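This report refers to the structure that appears directly beneath it.
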Amino acid sequence: MFQQAIENYLTTHHFDKLNLKAVLFDMDGVLFDSMKNHAAAWHEAM
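The working numbering applies: residue 18 is where the sequence shown begins, and numbers increase by one.
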């Protein structure tokens, strides 16, 4: 799932590879409302 999303992002933005300088974890949903994704993941897991 994540691999395909990363490949799509790289292709869309014309990057050859993913060269991360930092990673930001939004554990409480303040920066990004992830409830929709959380619900979809929960549904998929069940």
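We put the CB at the ideal spot given by N, CA and C, even for glycine.
Since the model is a prediction, treat every value here as computed from it, not as a measurement.
Euclidean distance between Cα positions of residue i and residue j
i, j, result
"L35", "D43", "20 angstroms"
"M52", "V40", "20 angstroms"
"L27", "F19", "12 angstroms"
Simplified DSSP state of residue i, which is helix, strand or coil
i, result
"L35", "coil"
"F19", "helix"
"M52", "helix"
"S60", "With the sequence shown as reference, residue 60 is identified as His, and Ser is not the correct amino acid for it. Reduced to three states, the DSSP call for H60 is helix."
Boundaries (first-last residue) of the alpha helix (DSSP H) holding residue i
i, result
"L41", "No alpha helix (DSSP H) contains L41, which DSSP labels as neither H nor E."
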